[in-house]
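Heads up: the sequence shown begins at 581 in the working numbering, then just goes up one per residue. All C-beta atoms, glycine included, are put in the ideal place defined by N, C-alpha and C.
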Amino acid sequence: MTRAFPPELVDQVLLDSGRIEQGGRLLPARVVVYFVLATGLLGGHGHPDTARLLIDGLTREPWWPQGRSLPTGPAIDRARQRLGPEPLRRLFARTRPAPAARSTSAAWFRDLRLVALDGAIFDVPASAPNADFFGHPVGTTARPPSRTTGRTTAVQDQIGFPQARVSALVECGTDTVFTADVGPLPDHESALEAAIYPALTRGTLALADRGTTDPATWHAARAGGADLLWQVPSSLRLPITARLDDGSQLAEPGRERACPAQVRVIDYRLDTDPRHAPPHRLLTSLLDPAAAPAAELAARFVQQSRTDAALDHLTPAQPGPGPVLRSHHPDGIAQEIFALLLLRHAFPPARTTPAVRRHPTIHLIPALH
Numbered sequence: 581m582t583r584a585f586p587p588e589l590v591d592q593v594l595l596d597s598g599r600i601e602q603g604g605r606l607l608p609a610r611v612v613v614y615f616v617l618a619t620g621l622l623g624g625h626g627h628p629d630t631a632r633l634l635i636d637g638l639t640r641e642p643w644w645p646q647g648r649s650l651p652t653g654p655a656i657d658r659a660r661q662r663l664g665p666e667p668l669r670r671l672f673a674r675t676r677p678a679p680a681a682r683s684t685s686a687a688w689f690r691d692l693r694l695v696a697l698d699g700a701i702f703d704v705p706a707s708a709p710n711a712d713f714f715g716h717p718v719g720t721t722a723r724p725p726s727r728t729t730g731r732t733t734a735v736q737d738q739i740g741f742p743q744a745r746v747s748a749l750v751e752c753g754t755d756t757v758f759t760a761d762v763g764p765l766p767d768h769e770s771a772l773e774a775a776i777y778p779a780l781t782r783g784t785l786a787l788a789d790r791g792t793t794d795p796a797t798w799h800a801a802r803a804g805g806a807d808l809l810w811q812v813p814s815s816l817r818l819p820i821t822a823r824l825d826d827g828s829q830l831a832e833p834g835r836e837r838a839c840p841a842q843v844r845v846i847d848y849r850l851d852t853d854p855r856h857a858p859p860h861r862l863l864t865s866l867l868d869p870a871a872a873p874a875a876e877l878a879a880r881f882v883q884q885s886r887t888d889a890a891l892d893h894l895t896p897a898q899p900g901p902g903p904v905l906r907s908h909h910p911d912g913i914a915q916e917i918f919a920l921l922l923l924r925h926a927f928p929p930a931r932t933t934p935a936v937r938r939h940p941t942i943h944l945i946p947a948l949h
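What follows is the structure, given as structure tokens:
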């Protein structure tokens, strides 16, 4: 682990985040960073076992003071609260891999690096701080029939564990998560994504399968110079201003605010029988059909949408029910999520060769509505 995350780099992010400590503590900040990383690596072990295994490994490091005693569980909790999530967040930003080589064809569309907006929700332990910060999912339950009317009523109740929401940008073709943020469940996904939009820069084409036509969101995602290819409901009516030779259309903002900016609209169906396949609609900021033909954009979008979401496999499997994340404090949950992302950088999952599947046929719809 110290080879993947050298002590000098860990100390630098601690200094940058104001968490560097003088010697004398049983658990200095550097060790706490490695402990949080070890927690993600040794998912099935409790804090004492994780601390023992970590210290067994650190005793081989020249900077580790010999004879240091094993910390208790409460001491570990206090040390993690002192650390906070910022050092792990900064370490994640400092260790993101370089963009994929041009030879990785699934990571590029012509001269544009392909990235996808990804999101996931994770159960967290049912402590009061976690419930207050992250919130619970809400479900509908039926109350017993009224004695007077005999009718049942449906009510909204909190169900299950509190849940944390994670939004990320993932490089297509490699599944490298290079930007992420953690927030409460009630936050709308697009609101949390706003924190990761600054990583969308010129030379990037960002794909989203739950795109929005909100002008503020569209412009925030484009502020760094990136281009967008977002799926929107096929029923969305847009002010079409021109029909292009490649089968796409141009649309511009109108009074109904259904269009976030001047965009190209790509409508298509999949598979061999276009009469029965449901329609799909994409909006893109790439306005030149010669530089980005509609059929190629739709095919690349479909290719990415049929791959597994990178965040779905972030947490390790565990036997039995209950959350994999273990902290009872929101800062600790953020620590653990960034630790899992860091471990994904250091030890990327093996990419299996996908089963051979027939590529769907793209049927462009020149004028859906």
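Query raised in the report: Three or more C-beta pairs closer than 8 angstroms, one from the region 749 to 764 and one from the region 838 to 847: is that the case here?
Result: no
Query raised in the report: Beta-carbon separation of LEU749 and ASP807 under 7 angstroms?
Result: no
Query raised in the report: If you draw a straight line from the alpha carbon of PHE615 to that of ALA786, how long is it in whole angstroms?
Result: 35 angstroms
Query raised in the report: What's the C-alpha gap between SER828 and GLY805?
Result: 23 angstroms
Query raised in the report: Considering TRP810, what are the terminal residues of the beta strand (DSSP E) in which it resides?
Result: 807 to 812
Requested in this report: Would you give the residue range spanned by the alpha helix (DSSP H) that THR582 belongs to?
Outcome: Careful: THR582 lies outside any alpha helix (DSSP H) and carries neither H nor E.
Report task. Just grab the DSSP bridge partners of SER747 for me. Result -> GLY699, ASP761
**Report entry** 7 angstroms CB neighbourhood of ARG669 in its chain, flanking five on each side removed
**Finding:** PHE918
**Report entry** SER907 versus ASP703 - alpha carbon distance
**Finding:** 11 angstroms
Query raised in the report: Would you call the region 644 to 658 and the region 624 to 634 in contact, with 3 or more CB pairs under 8 angstroms?
Result: yes
**Report entry** LEU694 beta carbon less than 7 angstroms from that of ALA687
**Finding:** yes
Report task. Flag this pair as yes or no: are the beta carbons of PRO717 and GLY740 separated by less than 7 angstroms? Result -> yes
Query - Nearest to VAL904 (by Cα), restricted to the options PRO910, ASP911, GLU916 - result: GLU916
Report task. Determine which residues share a DSSP beta bridge with GLN829 and list them. Result -> ARG823, VAL845
Query raised in the report: Is the Cβ-Cβ distance between LEU772 and GLY763 less than 7 angstroms?
Result: yes
Requested in this report: Within the same chain, show all residues whose beta-carbon is closer than 7 angstroms to that of LEU621, passing over the 5 residues directly before and after it, in chain order.
Outcome: LEU923
Report task. May I ask you to report which of helix, strand or coil DSSP gives ALA890? Result -> helix
Query raised in the report: Just checking, does the region 786 to 798 make contact with the region 807 to 825 on the three C-beta pairs under 8 angstroms criterion?
Result: yes
Report task. Determine the direct distance from the alpha carbon of ASP591 to that of GLN661, and round the result to whole angstroms. Result -> 18 angstroms
**Report entry** Cβ neighbour criterion (16 or more within 10 Å) applied to PRO652
**Finding:** Note on residue identity: the sequence assigns Thr, not Pro, to residue 652. Exposed, by the Cβ-count rule.
Query raised in the report: Which value, in whole angstroms, describes the spacing of the CA atoms of SER707 and ALA914?
Result: 15 angstroms
Query raised in the report: Do you know how far the Cα of ALA673 is from the Cα of ALA779?
Result: 10 angstroms
Requested in this report: Grab me the residues of SER885's own chain with a C-beta within less than 6 angstroms of its C-beta, minus the 5 sequence neighbours each way, in chain order.
Outcome: ASP789
Query raised in the report: Any idea which residues DSSP pairs LEU787 with across the strands?
Result: ALA696, LEU809
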